[in-house]
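Residue numbers (this note's numbering): 1 to 150. In this text, a Cβ means the ideal position worked out from N, Cα and C, and glycines have one as well. Nothing here was measured: the structure is a model prediction, and the numbers come from that model. Before any comments, here is the structure.
Dropping the structure here:
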């Protein structure tokens, strides 16, 4: 009888540890800088099937449209053996109104010899990860228009 209780307790403990290991309790939140680095990495992949994960799943209006990669590919043409995209944060003091980022590199048709500027509005998910809510791209650091992905 005692052996049965010990085995049952051990089985419950193994299940509990397995459950906790799959939870977000042991993962650290994704910072703004890490999210932008992840987005840069996704832009530099020929297949961008995971790029939508950089965006907020409930606050990004075009979230489902981002899953096929067409929207990202339109804004950021795929690099085929050329210079990769480099995203450099210039101001992250106000994530909820826009993190300012300079984009350089990419295909010649994108870059045209000068950097582009992004305003990335960021928000935190339930797991304390920063995600992109919307982005706007301009050829200067002035952002008069509406977001291109929202």
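Below 8 Å on the Cβ atoms is my guess for residue i versus residue j; work out the distance and round it to an integer in Å.
{"i": "residue 66", "j": "residue 51", "result": "7 Å"}
{"i": "residue 32", "j": "residue 121", "result": "With 8 Å as the limit, residue 32 and residue 121 do not qualify as a contact, their Cβ atoms being about 11 Å apart."}
{"i": "residue 35", "j": "residue 117", "result": "No, residue 35 and residue 117 are not in contact; Cβ-Cβ is about 18 Å, not under 8 Å."}
{"i": "residue 128", "j": "residue 57", "result": "With 8 Å as the limit, residue 128 and residue 57 do not qualify as a contact, their Cβ atoms being about 14 Å apart."}
{"i": "residue 149", "j": "residue 60", "result": "7 Å"}
{"i": "residue 119", "j": "residue 92", "result": "That belief does not hold up - the Cβ atoms of residue 119 and residue 92 are roughly 11 Å apart, past 8 Å."}
Identify every residue that forms a DSSP beta bridge with residue i.
{"i": "residue 149", "result": "135"}
{"i": "residue 88", "result": "102"}
For the beta strand (DSSP E) holding residue i, just list the boundary residues, first then last.
{"i": "residue 123", "result": "116–124"}
Give the range of the alpha helix (DSSP H) segment to which residue i is assigned.
{"i": "residue 128", "result": "Unbroken run through residue 128: none, as it is neither H nor E."}
{"i": "residue 37", "result": "32–43"}
Check this for me: beta carbons of residue i and residue j, under 9 Å apart or not?
{"i": "residue 106", "j": "residue 81", "result": "no"}
{"i": "residue 85", "j": "residue 104", "result": "yes"}
{"i": "residue 62", "j": "residue 71", "result": "yes"}
{"i": "residue 46", "j": "residue 78", "result": "yes"}
{"i": "residue 101", "j": "residue 109", "result": "no"}
{"i": "residue 133", "j": "residue 55", "result": "yes"}
{"i": "residue 42", "j": "residue 53", "result": "yes"}
Open item on the list: So within the segment 49–84, which uninterrupted beta strand (DSSP E) runs reach at least 3 residues, ignoring any that extend past its ends?
Closed with: Listed in chain order, there is nothing to give.
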